[in-house]
Amino acid sequence: MERNYASRMENMRTSEIREILKVTQRKELISFAGGLPAPELFPVEEMKIVSKKVLEESGSQALQYTTTEGFEPLRLQIANRMNEKSGTKLGLEEIQIVSGSQQALDMTGKLFLDEDDVVVCEKPTYLGAINAFKAYCCKFIEVESDEEGMDIIALEKILKSNGKIKLIYVIPDFQNPTGKSWSIERRKDFIEIVNKYEVPVIEDNPYGEVTFRNEIMPLLKAFDTKELVITLGTFSKILCPGMRIGWIAAAKDIIQKYILIKQSSDLHTSNISQREISKYMELYDLDEHIEIIKKVYKRRRDLAVETMKTEFPDFMRYTIPEGGLFTWVEGPETMDSGKVLKKCLENGVAFVPGHSFFPNGGGHNTFRLNYSNATDCQLVEGFKRLAKVLKEYDD
Numbered sequence: 080m081e082r083n084y085a086s087r088m089e090n091m092r093t094s095e096i097r098e099i100l101k102v103t104q105r106k107e108l109i110s111f112a113g114g115l116p117a118p119e120l121f122p123v124e125e126m127k128i129v130s131k132k133v134l135e136e137s138g139s140q141a142l143q144y145t146t147t148e149g150f151e152p153l154r155l156q157i158a159n160r161m162n163e164k165s166g167t168k169l170g171l172e173e174i175q176i177v178s179g180s181q182q183a184l185d186m187t188g189k190l191f192l193d194e195d196d197v198v199v200c201e202k203p204t205y206l207g208a209i210n211a212f213k214a215y216c217c218k219f220i221e222v223e224s225d226e227e228g229m230d231i232i233a234l235e236k237i238l239k240s241n242g243k244i245k246l247i248y249v250i251p252d253f254q255n256p257t258g259k260s261w262s263i264e265r266r267k268d269f270i271e272i273v274n275k276y277e278v279p280v281i282e283d284n285p286y287g288e289v290t291f292r293n294e295i296m297p298l299l300k301a302f303d304t305k306e307l308v309i310t311l312g313t314f315s316k317i318l319c320p321g322m323r324i325g326w327i328a329a330a331k332d333i334i335q336k337y338i339l340i341k342q343s344s345d346l347h348t349s350n351i352s353q354r355e356i357s358k359y360m361e362l363y364d365l366d367e368h369i370e371i372i373k374k375v376y377k378r379r380r381d382l383a384v385e386t387m388k389t390e391f392p393d394f395m396r397y398t399i400p401e402g403g404l405f406t407w408v409e410g411p412e413t414m415d416s417g418k419v420l421k422k423c424l425e426n427g428v429a430f431v432p433g434h435s436f437f438p439n440g441g442g443h444n445t446f447r448l449n450y451s452n453a454t455d456c457q458l459v460e461g462f463k464r465l466a467k468v469l470k471e472y473d474d
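Numbering (this note's numbering), first residue to last: 80 to 474.
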């Protein structure tokens, strides 16, 4: 029987990362594919206490429906934290709780994108955003970046010449997949251009607090004088991903539109999960927990870089991120990372080929490596296995 699906399904594809993760269930395989946090760092014992307290103190309310906007104490905690850490000036009504920032991306596509509208993004960019926006039949224009961030001159040329641009999507802090970050000067220059052309900006910020530097960089939202920046945040990388709690920070009128969309989508994000995270932040020091995460990830970043430096062939190039979960690897133009992956899987190691992160194609000689999830021993052994395949690679 032939089924008659909506035409937009033709633009949707399975996540290559999720498909690779199915293969990585083999015990002997070391995976650098998923953007997975280290499970041994999840605050399991603390969450046991938190869950018990939530049920004891407000069990009936926690198990009931709640408002679409989200649990008010949690929204205030998020606004205050962003104001303190990232230089914003947000209030309660500028925060919307969502079921992970991936839902925020889907809601954003639904809110802004019509067929053939254009999204401007970094080259490469996050696979999950590509898939979320493509579901709404949009097109992408990619902008190159340098060591300071997105190429502002190239961006302005695009904004000046294309009248169908609806959104600019960026990850200024420890970008997925490259691990790169924008300088403060580039952030200011970017906002100046955005203000000139008045195009909404989606600032995806899952990794900003996972920094190996001494300070957290100010968000684009902190420089936003025209309320054009919509910042997406999540607890997935700084606490745990299984609770699926994220948020949108935006102007009040934009938040009202997101509320309408969420009401028709899933009514509200898990009430009990929201209360549990709020209670965790009340009882425990989230900053202290993040410091533990940063210490472990920095050590693993260092192990990854040192192993690449000593083991990878000279023709490979890679980023040295100052935070986040990923490093980005680039080989010679003749390299096909899909073929390299096939050989790597035979040798017990996995990664994500780079082409997945280019909405208009390309990136065949690149791949992304995650260093947060594997143990220290697995990290070194896995990178050595990968290096062995690269040394033997024959295009």
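Yeah, the Cβ is synthetic: ideal placement off N, Cα and C, and Gly gets one too.
Enclosing beta strand (DSSP E) for residue i [first to last residue]
i, result
"Tyr-450", "It is not in any beta strand (DSSP E) - Tyr-450 carries neither H nor E in the DSSP assignment."
"Tyr-248", "244–249"
"Ala-328", "325–328"
"Glu-107", "Run containing Glu-107: none; DSSP gives neither H nor E here."
"Glu-489", "The requested residue 489 is not part of the displayed model; the chain covers only 80 to 474."
"Ile-174", "174–177"
Paired residues, beta bridge with residue i - DSSP
i, result
"Asp-415", "Answer by DSSP bridge pairing: none, since Asp-415 is not bridged."
"Thr-445", "Glu-409"
"Pro-432", "Phe-446"
"Lys-218", "Val-197"
"Gly-402", "Thr-290"
"Tyr-397", "Val-408"
"Asp-225", "Gly-228"
"Thr-257", "DSSP lists no partner for Thr-257."
"Thr-313", "Gly-325"
Where residue i falls, given that 16 or more other Cβ within 10 Å makes a residue buried
i, result
"Ser-139", "exposed"
"Lys-358", "buried"
"Gly-114", "buried"
"Lys-259", "buried"
"Arg-154", "buried"
"Phe-394", "exposed"
"Ile-356", "buried"
"Ile-281", "buried"
"Thr-304", "exposed"
"Leu-346", "exposed"
"Asn-439", "exposed"
"Ile-85", "First, the residue type needs correcting, since residue 85 is Ala and not Ile in the sequence shown. Exposed is the call here."
"Glu-124", "exposed"
"Tyr-144", "exposed"
"Ile-476", "In this structure the chain extends from 80 to 474, so residue 476 is not present and cannot be described."
"Thr-257", "buried"
"Thr-413", "exposed"
"Met-322", "buried"
"Gly-170", "exposed"
"Arg-292", "exposed"
"Glu-173", "buried"
"Thr-454", "exposed"
heavy atom of the ligand FAD below 8 Å from residue i C-beta
i, result
"Ile-327", "This structure lacks the ligand FAD; in fact it carries no ligand of any kind."
N-terminal and C-terminal residue of the alpha helix (DSSP H) that residue i is part of
i, result
"Val-273", "263–276"
"Phe-212", "206–213"
"Gly-188", "180–191"
"Thr-389", "365–390"
"Gly-138", "123–141"
"Asp-230", "Counting along the chain, Asp-230 falls outside any alpha helix (DSSP H), and DSSP gives it neither H nor E."
"Gln-342", "331–344"
"Lys-300", "Where Lys-300 is concerned, there is no enclosing alpha helix (DSSP H), given that its DSSP letter is neither H nor E."
"Leu-307", "Taken as a continuous stretch (DSSP letters only), Leu-307 belongs to no alpha helix (DSSP H), as it is neither H nor E."
"Lys-164", "151–165"
"Asn-350", "350–362"
Spatially closest choice to residue i from the options, by CA coordinates
i, options, result
"Phe-446", "Pro-432, Glu-136, Lys-164, Phe-391", "Pro-432"
"Ser-435", "Ile-324, Lys-202, Gly-287", "Lys-202"
"Lys-467", "Leu-120, Ile-263, Asp-455, Val-428", "Val-428"
"Thr-204", "Phe-437, Arg-396, Glu-277, Asn-350", "Phe-437"
"Met-88", "Met-126, Ala-214, Gly-188", "Ala-214"
"Ser-416", "Leu-469, Gly-321, Ile-232", "Leu-469"
"Glu-271", "Leu-238, Thr-348, Glu-294, Pro-256", "Leu-238"
"Phe-405", "Pro-285, Phe-121, Met-186, Met-161", "Pro-285"
"Gly-287", "Leu-169, Leu-134, Asn-255", "Asn-255"
"Gln-342", "Thr-313, Leu-190, Glu-460", "Leu-190"
"Gly-402", "Tyr-276, Ile-372, Val-308", "Ile-372"
Beta carbon proximity, residue i to chain C, threshold 9 Å
i, result
"Thr-147", "Reference to chain C is not applicable here, since this structure consists of a single protein chain."
Segment contact flag, the stretch 360–373 with the stretch 311–325, C-beta cutoff 8 Å, min 3 pairs: yes
Under 8 Å, with one C-beta from each stretch per pair, do the stretch 377–389 and the stretch 230–248 reach the 3-pair mark? no
Can at least three beta-carbon pairs, one atom from the stretch 194–207 and one from the stretch 324–343, be found at a separation below 8 Å? no
Counting Cβ pairs closer than 8 Å, one from the stretch 167–181 and one from the stretch 143–157, do we hit at least three? yes
Give a yes or no on contact between the stretch 202–216 and the stretch 249–264, applying the rule of three or more CB pairs nearer than 8 Å. yes
Between the stretch 107–122 and the stretch 445–463, do three or more beta carbon pairs fall short of 8 Å? yes
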